[in-house]
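One structure is given below, encoded as structure tokens.
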Amino acid sequence: MQNHPIIKLIKESNYLPQIPKAFGETLNMLLEPSEFDMNECIEKISSLPRLEAILIQVLNYGTKLNREILTLKDAVLYLGAKNVRTIAIMFITRLLLSNKDGRTKIFNNRAYWKHCIGTSIAGHMIAVETGLCDKDKMFTYGLIHDIGVTVLDICLPEHLDKIFSLQLKGLHQVAAEKIVLSGLTHMEIGMWLCDEWGLPEEIKDIVKYHHTPFINSNTNNEIRILHLADAISTNYYERLLGNNKNFIYLDKTMELLNLSKEFVDDIARRLPKEVDKVDRIVSFDL
């Protein structure tokens, strides 16, 4: 993977943020709140000053407290492990978006960010309905599942525009990626980045299998839920772009999750309003 020409271009672009391994170690801690070590977590987060500033900013501007939050320790205490985890994933995902419009000329960066939020919300709703996994983790996974696309947006915008142009002509996203990226897909690029940044294995599995939940016999419910959530949000994304294409939900996925089509359709109906609500909250400046 390291020697693939596209990976080399990404590294040579000098646009990819350098993230210390401590970030991945922090996420591993936050994914298991029962093993949460406050002081160790604070020490690791402090190696990312921008994340530290955002955690404090969220509390001072997003909530009504009787005093101003000035320190990272105060912020982590008020937010708790799950909220810190979610904000950290938002941070890492938005870090790859150079500005509100991205660096591409055709690809709609803002609409795609809303697709990621939509996947998070749909995943959260499905997790609540099924009780099969942690609903807060599913929200987190939705934000980062397409990290390979955001890498292309910041590092190789011309390539992403070519992929998007092929999609507008009716080609499936993965097929278009393989043509433009010499056989690679955004899943493989995302997996490579997970390794580079030392992100947790469970996040890497979501990135790897969210389009192919049945390719691996060990696929878990989290991947199945994220796959369905991604499909629901993809239809929402297509509407944002003014397209009438529909992603067909796999009956097998709904059957394994014991979900009705009526429930899935209800998520799709509610999604635009819910995305707009969350987008206003999480669109902090980086």
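Heads up, the sequence shown is in numbering that gives the first Met the number 0, so the first residue is 0 and it goes up one at a time.
Each residue gets a CB set at the ideal place from its N, CA and C atoms; glycine is no exception.
- Only residues of its own chain outside the window of five on either side were considered, and among them D135, F138, T139 and L142 have a CB closer than 8 Å to the CB of T85, listed in chain order.
- When the alpha-carbon of L78 is set against those of R102, E51, W112 and H144, the nearest one is in E51.
- Only residues of its own chain outside the window of five on either side were considered, and among them P212, T252, L255 and L256 have a CB closer than 8 Å to the CB of R223, listed in chain order.
- Going by beta carbons, Y235 and H114 fall inside the 8 Å limit.
- When the beta-carbon positions are compared, A74 and I55 come within less than 8 Å of each other.
- R102 counts as buried, since at least 16 other C-beta atoms from the protein chains shown sit within 10 angstroms of its C-beta.
- For the 8 Å CB-CB criterion, I6 and W196 do not form a contact.
- By the CB criterion at 8 Å, L155 and S12 fall inside the cutoff.
- Per DSSP, the continuous alpha helix (DSSP H) segment holding Q166 begins and ends at P156 to L167.
- In terms of Cβ geometry, S46 and P16 do not form a close pair [threshold 8 Å].
- For Q56, the secondary structure class from DSSP, reduced to helix, strand or coil, is helix.
- When secondary structure is reduced to three states using DSSP, R102 falls in the coil class, being assigned neither helix nor strand.
- Here G241 is exposed. Its C-beta has fewer than 16 other C-beta atoms within 10 Å.
- As the crow flies, the alpha-carbon of V274 is around 30 Å from that of E24.
- Take N27, set aside five residues on each side of it, and the residues of its chain with a beta-carbon closer than 7 Å to its own are P199, in chain order.
- Collapsing the DSSP output to three states places E31 in coil.
- Residues of the same chain with a CB within less than 7 Å of the CB of M124, apart from the 5 flanking positions on each side, are I266 in chain order.
- The Cβ atoms of A121 and L270 sit closer than 8 Å to each other.
- Nearest Cα to E42 within the set Y14, K72 and L30: K72.
- Residue ranges of uninterrupted alpha helix (DSSP H) with 4 or more members, entirely inside the segment 234–272 and ordered along the chain, are 250–255.
- Residue range P4 to E11 is occupied by the alpha helix (DSSP H) that includes P4.
- Ranked by how close their Cα comes to the Cα of T129, the residues K276, I162, L227 and V150 have L227 in first place.
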